[in-house]
Amino acid sequence: MLAAMSREDYRNIIDEYFVQIYCSIYNENGSIITKIFDPVALAQINLSSDADVKEIKSRFRELAKKTHPDTGGNAMKFIELMKVYRKLMDD
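Those letters in the sequence shown? Residues 0 to 90, by numbering that gives the first Met the number 0.
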């Protein structure tokens, strides 16, 4: 499967792998780098693993407008979005 991928797709997979590894190492050792966020939480809101605070806030606002119950969105999706956002911002 990897051999059939384009070079760019393969590079993206390798980059994601290293972000996952480094994030887990830093979390296990108690070291926190201010620019590394939980890659799993970022994936839940469709952001790349190298997203910064500005991108996270922008994506949150965009999704909040779509999922907020007052604008006809799904309340459960909005609650999940809030949990992910809090997790990212608390880190």
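The C-beta atom is built at its ideal place from N, Cα and C for all residues, glycine as well.
8 angstroms Cβ shell around residue i - same chain, five flanking residues per side excluded
| i | result |
| --- | --- |
| Lys65 | Gly72 |
| Leu46 | Glu54, Ile55 and Arg58 |
Three-state secondary structure assigned by DSSP to residue i
| i | result |
| --- | --- |
| Ile44 | coil |
| Asn11 | helix |
| Phe59 | helix |
| Met81 | helix |
| Asp89 | helix |
| Ser23 | helix |
| Asp37 | coil |
Beta-carbon proximity check, residue i vs residue j, cutoff 8 angstroms
| i | j | result |
| --- | --- | --- |
| Lys76 | Asp37 | no |
| Ser48 | Val18 | yes |
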